[in-house]
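Notes follow the structure.
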Amino acid sequence: MFHYDGGLKLTRIDLAIDFCRRQPRGFISHAHADHIGRHELAFCTPATSRFYQHRLGPRQVREMPYFQPLNWEGFRLTAFPAGHIFGSAMLLAEDGGRSLLYTGDFKLGESATADPADPPRADVLVMESTFGDPQYRLPPRQRVIEQLLDVVRDALDRGFTPVLQAYVLGKAQEVTRILTTAGIPVLQHPAIYAVSRIYEACGCSLGACREYPGRPLPDHAVVIPPAGQRVARLEGIRRKVTIAVSGWAAAPRTRRWLKAEHAFPLSDHADYDELLELVRRVAPGVVYCTHGPESFVARLQKLGYDARVLGKPHQKRLF
Ligand SMILES: [Zn+2]
Numbered sequence: 006m007f008h009y010d011g012g013l014k015l016t017r018i019d020l021a022i023d024f025c026r027r028q029p030r031g032f033i034s035h036a037h038a039d040h041i042g043r044h045e046l047a048f049c050t051p052a053t054s055r056f057y058q059h060r061l062g063p064r065q066v067r068e069m070p071y072f073q074p075l076n077w078e079g080f081r082l083t084a085f086p087a088g089h090i091f092g093s094a095m096l097l098a099e100d101g102g103r104s105l106l107y108t109g110d111f112k113l114g115e116s117a118t119a120d121p122a123d124p125p126r127a128d129v130l131v132m133e134s135t136f137g138d139p140q141y142r143l144p145p146r147q148r149v150i151e152q153l154l155d156v157v158r159d160a161l162d163r164g165f166t167p168v169l170q171a172y173v174l175g176k177a178q179e180v181t182r183i184l185t186t187a188g189i190p191v192l193q194h195p196a197i198y199a200v201s202r203i204y205e206a207c208g209c210s211l212g213a214c215r216e217y218p219g220r221p222l223p224d225h226a227v228v229i230p231p232a233g234q235r236v237a238r239l240e241g242i243r244r245k246v247t248i249a250v251s252g253w254a255a256a257p258r259t260r261r262w263l264k265a266e267h268a269f270p271l272s273d274h275a276d277y278d279e280l281l282e283l284v285r286r287v288a289p290g291v292v293y294c295t296h297g298p299e300s301f302v303a304r305l306q307k308l309g310y311d312a313r314v315l316g317k318p319h320q321k322r323l324f
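Structure, rendered in structure tokens:
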């Protein structure tokens, strides 16, 4: 049903999944840069289609709204919400006998901007396992949000500008929505604001946010891309408090990468417990793990699953 050759492909219909290299047909789970390529024909949700073409220009796309099966050369393909960012999808592929679920990046817990994940059962599960180590057990989301808002309000009270660093697509809009819901208006870096306009156009409201007008405004927070990303810096912010928002803040070793005065573990990836929860829900006969530590595969094997690492060079035909 599928094989691995530098990436995952559904063999019989020659559908490449989340390839960066150009393919005749490619399914795109979401529009983060490591999941998109200039395919001849792309399959993705309507929102992902907008983000994809915002990044790469006009492309040929077959849109797949959530829960609406698409019959394609004897296969039934269905997108399910992945809970990672707005528009992100898992792919269920059924060939009449067997089923395969590919998660892409996903999160089971609450999100301010993404539809809640809704994974179906499947015979074969291919899952990302980025935070597949017990050190990435995230604290309760509500507590993290309260601490984040405390730091933001404290900065504003002292006449400083809170500057939040978050990925341009997904995390920046998530943190914006959290701030505006709490009554704190947001000014966004132009690269972030361009994406936020697509959120609004697709019906995902972000509240009182607008493009950074060239100078900070009293009582406003500012949201910019993460430190180290090559984008134009914002001018005019002298007194600021820098705040990183990332799942990597959960562990001391990776917290240092974030280069900010404060860091909060607000993640759009499943944490360790959610990864295990996903496997329980999907109840697969075989599970292949990508993007994570091999110790997570060993953990699943101890729990009685037929678990394997996906991405070894010798792997070809798998199922
Ligand atoms: Zn992603």
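Going by our numbering, the first residue of the sequence shown is number 6, and it counts up by one from there.
We put the beta carbon where it would ideally sit given N, CA and C, even for glycine.
For clarity, every value in this text was computed on a predicted model and none was experimentally measured.
Residue i in three-state terms, based on DSSP
i      : result
Leu61  : helix
Lys307 : helix
Gln234 : coil
Pro51  : helix
Gln320 : Below a pLDDT of 50, predicted positions are generally treated as unreliable, and Gln320, at 47, falls in that range; no measurement from the model is reported.
Arg26  : coil
Ala2   : Here the chain has residues from 6 to 324 only, and residue 2 is not among them.
Gly219 : coil
Val200 : helix
Leu281 : helix
His37  : coil
Val157 : helix
Val287 : helix
Whether residue i touches residue j by CB criterion (8 Å)
i      : j      : result
Ala256 : Gln140 : yes
Ser34  : Ser116 : no
Ala87  : Gly114 : no
Ser104 : His296 : no
Leu192 : Arg215 : yes
Gly252 : His267 : no
Leu130 : Val292 : yes
Thr247 : Leu211 : no
Ala21  : Gly31  : yes
His40  : Asp23  : yes
Arg67  : Phe80  : no
Gly241 : Arg220 : yes
7 Å Cβ shell around residue i - same chain, five flanking residues per side excluded
i      : result
Pro36  : The amino acid at residue 36 is misidentified as Pro; the sequence shows Ala. Once the five neighbours on either side are set aside, the close Cβ partners of Ala36 are Thr53, Phe56, Tyr57, Arg60 and Leu174.
Trp77  : Ile18
Pro223 : none
Val302 : Cys294, Ala312, Arg313 and Val314
Ile189 : Val157 and Ala226
Pro144 : Pro270
Val187 : Note on identity: in this sequence residue 187 is Ala, with Val being the wrong assignment. Within the same chain, Ala187 has close Cβ partners Leu154.
Val149 : Phe269, Pro270 and Leu271
Leu305 : Val284, Val292 and Ala312
Residue i: CB within 7 Å of a non-hydrogen atom of ligand 1
i      : result
His35  : yes
His59  : no
Asp110 : yes
Arg296 : Strictly speaking, residue 296 in this sequence is His, with Arg absent from that position. No; taking the cut-off as 7 Å, the Cβ of His296 has no heavy atom of ligand 1 nearer than that.
His89  : yes
Identity of the residues DSSP links to residue i by a beta bridge
i      : result
Ile150 : DSSP lists no partner for Ile150.
Glu99  : Arg81 and Ser104
Met6   : Answer is none; Met6 lacks a bridge partner.
Gln193 : Glu216 and Val228
Ala94  : Pro86
Neighbourhood of residue i by C-beta, 6 Å cutoff - its chain only, sequence neighbours within 5 removed
i      : result
Tyr277 : Phe136, Pro139, Tyr141 and Arg142
Ala405 : The question about residue 405 has no answer, for the chain in this structure spans 6 to 324.
Residue-level contact to chain C via CB, residue i, 8 Å cutoff
i      : result
Ala213 : This model lacks chain C altogether, as it is built from one protein chain only.
Same chain, Cβ closer than 8 Å to residue i, neighbours up to 5 away in sequence not counted
i      : result
Gly208 : none
Any non-hydrogen atom of ligand 2 within 7 Å of residue i CB
i      : result
Ile229 : The model depicted lacks ligand 2 and carries ligand 1 instead.
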